[in-house]
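So the sequence lines, in the order shown, correspond to chains E and Z. First residue of the first sequence? That's 50 in our numbering, and the numbers climb one at a time after it. First residue of the second sequence? That's 942 in our numbering, and the numbers climb one at a time after it. We put the CB at the ideal spot given by N, CA and C, even for glycine. Quick caveat, the model's predicted, so the values are computed rather than measured.
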Amino acid sequence: MSAALLELDGVSKRFRRKISLGDRIAAKLGAKVETREVRAVENVSLSVIRGETLGLVGESGCGKSTLGRIAAGILPPTSGKASLDGRPVMSESGRHEKLTTRVQTVFQDPFASLNPRRRIGDAIAEGPLAHGLVDHAGAVAYVAEQLYRVGLDPSYASRFPHQFSGGQRQRIAIARALAMKPDLLICDEPVASLDVSIQAQVLNLFLDLRRALNLTAIFISHDLGVVRHLSDRVAIMYLGRIVEIGPSAEIYASPKHPYTQALLTSVPRLNRHREGRRAFRPIAGELPSPLSPPSGCHFHPRCTLATDRCRTEPPQLRSMGSDRHAACHLAE
Amino acid sequence: MRRDASPFIRFWREFAENRLALVALGVVILVVGAAVLAPLFTPQDPYDIGKLVLGDARRPPGHVGSGGYVHLLGTDAQGRDLWSAILYGLRISIQIGLTAGAVAFIVGGSLGAVAAFAGGRIEALIMRFIDLQLSFPAILLALVISAILGQGKWQLTAALVASQYAYFARTAHGAAVAERSKEYIEAALSTPLSSRVVIFRHILPNCMPPLIVVATVQVANAIALEATLSFLGMGLPVTHPSLGMLISNGFQYMLSGRYWISIYPGIALIVLILAINLVGDQIRDQLNPRLQR
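Given below as structure tokens:
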């Protein structure tokens, strides 16, 4: 196995509600001021190996996008470290500036992630020009090459984002990310806001590019089907923690964690001949607030198998055989 | 409305639907054009003291003076042809108004955007200072500053900028805070691009619509403020009268029946400011998404 490209080591991210000046004065005077924290990501360690695609799956609000943003160098972790080839992605003190151009991101909403007042050619060329990947003389040809690669006509370079459809815009966003020649591409739900027919096109483009450029990628999605299609390995997140991680074929075939099992049975399928008709059973209860996560295993209030141990002791990720890990006291 | 037209052409078509705004725009262009080309339309250079004849002072409109030409709008107390003095005065007023507006736009817009981008203490410091300044009347501030700096075109412009940049800063800050949280800023930061590039090439261009509206109103305000300061004797030297000073000079003759010395510069000032404001109102209405059809 080749060495890890991206290493997340005990990464946590807490968001604190901004304390107003009045509250701060009150606190100084001795009043009790509630400081509420959202624990978006809690003590996550994982590594991404060169050349693989890691799928990151979970309900909305489980912290998968936050984890992606930490890996991408957009958010600094509250504790822990994100490093690429052993070097930190962001400076750890001061203004938390991103140190590397080798991680690039494709965002969820292509209508928001492109500056509406910049021609797309300028948008694509901006990063490479700023970091000396291309000089001004070569910029036009470079942009044309990037556009061609994502299946767009190079003559579109002088147009504005509002002249494109959602799928075309996402192609532009991919071209912009790839123009930086990244080693690691982080895709934060890149197809979630697209029509299903367009989704397939963009996913196929992604598959082609991954093969052609030998990309390493983290693919964040709430859609298990999409992730299965793309990923070598899958990590399932629940309320800020990774509950299960392993090769995607194995996880889809025999999920170990009760949450993963529940997620997979709730995926609608066309072909149910063998199982016959089956009522849709959603996971009981709602996602707890990350402001006050449950004690012990975060999933216990919704888990049908929960024991007293689950209510008190948070389970660690344990090895479940060949490269598989699950965080459940009961799984084996 | 055709969709293929460029945003600018669509904007112009919508603008042209408002007749009043169209007329106002015409008036602005006419007045600015007349002021810029003043030497072509005026019989006299009002700043050339050697050409002023005191015998022609305070003559009513229509008087044929010693120069052999008709004083269309009469003459002032120094024997200046008022028509000429008004066009030259407009020149100064517009020049100062535009310069002050442009500088205040750049300074205030940058400050507001930087504050919104930086956040935290820097933002609090800049914005509270600006709030503090906005709690004083602009005219008071302008008066104090021009009293310190003294008379002159540049001193006056500086005083106007100092009292007006705050409006731009607050508008830019409000718009920039909204832009700051959008994904394309996140995308730019994750490239990574420097803060300077993100602020000035990504955030500020997207804050332009509200800033342009403020700019039109503030140019009109700068002209009015300049006239006020000149009227109060704080503005320009007497030898280069702006509109405010012309009004001020004629003020003492109002009750003696020589109305024209004050009234005509006053009308010119009102027409210009009203027209700019009408244009600004229409632009504001068009850029307000709640009023969009």
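- Task: Determine, using beta carbons only, whether Gln-248 of chain E comes closer than 9 Å to chain Z.
- Result: With 9 Å as the cut-off, Gln-248 of chain E does not count as an interface residue toward chain Z.
- Message: Just to confirm my understanding: we take Lys-1123 of chain Z, look at its own chain, exclude 5 residues before and 5 after, and list those with CB closer than 6 Å. What are they?
- Response: So the list is empty, once near-sequence residues are dropped.
- Could you pull out every residue in the same chain whose Cβ sits closer than 6 Å to the Cβ of Thr-314 of chain E, ignoring the five residues on either side in sequence? Answer for Thr-314 of chain E: no residue qualifies.
- Task: Return yes when the Cβ of Leu-258 of chain E is within less than 9 Å of the Cβ of Gln-285 of chain E, no when it is not.
- Result: At residue 285 of chain E the sequence reads Ile, which differs from the Gln that was named. Taking 9 Å as the Cβ cut-off, Ile-285 of chain E and Leu-258 of chain E do not qualify as a contacting pair.
- Query: If we cut at 9 Å on Cβ distances, does Glu-175 of chain E have a partner in chain Z?
  - Reply: Nearest CB-CB separation between Glu-175 of chain E and chain Z: below the 9 Å threshold.
- Counting Cβ pairs closer than 8 Å, one from the segment 274-291 of chain E and one from the segment 103-118 of chain E, do we hit at least three? Cβ pair count under 8 Å is three or more, so yes.
- Item | Partner residues on chain Z for Lys-305 of chain E, Cβ-Cβ distance less than 8 Å | Taking the beta carbon of Lys-305 of chain E as reference, no residue of chain Z falls within 8 Å; the closest one sits roughly 34 Å away.
- Closer than 9 Å, Cβ to Cβ, to anything on chain E: give me those residues from the segment 1139-1165 of chain Z, in chain order. Cβ contacts with chain E: Arg-1142, His-1143, Pro-1146, Asn-1147, Met-1149.
- Query: What are the boundary residues of the alpha helix (DSSP H) that includes Arg-277 of chain E?
  - Reply: In the DSSP assignment, Arg-277 of chain E falls within the alpha helix (DSSP H) that extends over 273-279.
- Using DSSP bridges, identify the partner residues of Tyr-287 of chain E. Its beta-bridge partners are E:Arg-290.
- According to DSSP, residues forming a beta bridge with Thr-1016 of chain Z: Bridge partners of Thr-1016 of chain Z according to DSSP: Z:Asp-1022.
- Shortest alpha-carbon distance to Leu-116 of chain E belongs to which of E:Asp-134, E:Glu-108, E:Val-93, E:Gln-217? From the listed residues E:Asp-134, E:Glu-108, E:Val-93, E:Gln-217, the smallest Cα separation to Leu-116 of chain E is found for E:Val-93.
- Query: Considering only residues of the segment 62-126 of chain E, which uninterrupted alpha helix (DSSP H) runs meet the minimum length of 4 residues and lie entirely inside it, listed in chain order?
  - Reply: Runs of the alpha helix (DSSP H) inside the segment 62-126 of chain E: 70-77, 113-121.
- How many angstroms separate the CA atom of Glu-362 of chain E from the CA atom of Gly-129 of chain E? Rounded to whole angstroms, the separation of the alpha carbons of Gly-129 of chain E and Glu-362 of chain E is 22 Å.
- alpha helix (DSSP H) containing Gln-153 of chain E: first to last residue? Careful: Gln-153 of chain E lies outside any alpha helix (DSSP H), inside the beta strand (DSSP E) at 152-155.
- Query: Ser-96 of chain E to Leu-1228 of chain Z, Cα distance in whole Å?
  - Reply: Approximately 48 Å, taken between the alpha carbons.
- Message: To be precise: take each residue of the segment 1107-1133 of chain Z, compare its Cβ to all Cβ atoms of chain E, and keep it if any distance is under 9 Å. Which residues remain?
- Response: Those residues of the segment 1107-1133 of chain Z that come within reach of chain E (Cβ to Cβ, closer than 9 Å) are Lys-1123, Glu-1124, Tyr-1125, Ile-1126, Glu-1127, Ala-1128, Ala-1129, Leu-1130, Ser-1131, Thr-1132, Pro-1133.
- Query: Do we get a CB-CB distance below 9 Å when we pair Ser-1051 of chain Z with the residues of chain E?
  - Reply: Not an interface residue.
- Task: Answer with buried or exposed for Thr-353 of chain E, where buried requires no fewer than 16 other C-beta atoms within 10 angstroms of its C-beta.
- Result: Of the residues assessed, Thr-353 of chain E falls on the exposed side of the cut-off, its CB having fewer than 16 other CB atoms within 10 angstroms.
- Query: Per DSSP, what kind of secondary structure is Met-50 of chain E in: helix, strand or coil?
  - Reply: For Met-50 of chain E, the predicted model reports a pLDDT of 45, less than 50, meaning its position is unreliable and no value from the coordinates is stated.
- Could you confirm whether any beta carbon from chain E is found closer than 9 Å to the beta carbon of Ser-1135 of chain Z? At least one chain E Cβ lies under 9 Å of Ser-1135 of chain Z.
- Of all the CB atoms in chain Z, is at least one closer than 9 Å to the CB of Leu-201 of chain E? No - not a single Cβ of chain Z is within 9 Å of the one on Leu-201 of chain E.
- Near Glu-299 of chain E, what residues of its chain come up, given a Cβ to Cβ distance below 7 Å and the 5 sequence neighbours on each side ignored? By the criterion of a C-beta distance shorter than 7 Å, Glu-299 of chain E is surrounded in its chain by Arg-373, once the five residues flanking it on both sides are discounted.
- Are Pro-1112 of chain Z and Val-1048 of chain Z closer than 9 Å when you measure CB to CB? Correcting the residue type first, residue 1112 of chain Z is Thr in the shown sequence and not Pro. The beta carbons of Thr-1112 of chain Z and Val-1048 of chain Z sit no closer together than 9 Å.
- Ends of the beta strand (DSSP E) at Phe-394 of chain E? The structure shown has nothing for residue 394 of chain E, since chain E only spans 50 to 381.
- Task: State the CB to CB distance for the pair Val-994 of chain Z and Gly-1003 of chain Z, rounded to an integer number of angstroms; the pair is presumed to be in contact (CB under 8 Å).
- Result: Between Gly-1003 of chain Z and Val-994 of chain Z the Cβ distance is about 17 Å, and since that is not below 8 Å, they are no contact.
- Item | Own chain residues within Cβ distance below 6 Å of Ile-1202 of chain Z, not counting five before or after | Take Ile-1202 of chain Z, set aside five residues on each side of it, and the residues of its chain with a beta-carbon closer than 6 Å to its own are Asp-1017, Gly-1191, Tyr-1194, in chain order.
- Query: Closest by CA to Ala-1161 of chain Z, which one among Z:Phe-952, Z:Val-969, Z:Phe-956?
  - Reply: Among Z:Phe-952, Z:Val-969, Z:Phe-956, the Cα nearest to that of Ala-1161 of chain Z is on Z:Val-969.
- Task: Tell me, please, whether the CB atom of Thr-150 of chain E is closer than 9 Å to any CB atom in chain Z?
- Result: It does: the Cβ of Thr-150 of chain E has a partner Cβ on chain Z nearer than 9 Å.
- Task: Select from E:Pro-342, E:Thr-356, E:His-306 the residue whose C-alpha is nearest the C-alpha of Met-369 of chain E.
- Result: The shortest Cα separation from Met-369 of chain E among E:Pro-342, E:Thr-356, E:His-306 belongs to E:His-306.
- Run of the alpha helix (DSSP H) containing Ala-266 of chain E, from where it starts to where it stops: In the DSSP annotation of this structure, Ala-266 of chain E is not part of any alpha helix (DSSP H); the continuous beta strand (DSSP E) holding it starts and ends at 265-270.
- Closer than 7 Å at the beta carbon, the chain Z residues around Ser-162 of chain E: Within 7 Å Cβ-Cβ: Glu-1124, Tyr-1125, Ala-1128.
- Task: Please state whether DSSP places Glu-56 of chain E in a helix, a strand or coil.
- Result: Taken through DSSP and simplified to helix, strand or coil, Glu-56 of chain E comes out as strand.
- Chain-ordered neighbours of Ala-179 of chain E on chain Z, where CB pairs are closer than 8 Å: Under the 8 Å cutoff, chain Z gives Thr-1132, Leu-1134, Ser-1135, Val-1138.
- Item | Opening and closing residue of the alpha helix (DSSP H) in which Lys-130 of chain E lies | Lys-130 of chain E: not part of any alpha helix (DSSP H); member of the beta strand (DSSP E) spanning 128-133, first to last residue.
- List the residues that DSSP assigns as beta-bridge partners of Glu-282 of chain E. The amino acid at residue 282 of chain E is misidentified as Glu; the sequence shows Arg. For Arg-282 of chain E, which the question treats as bridged, DSSP gives the partners E:Leu-103, E:Pro-296.
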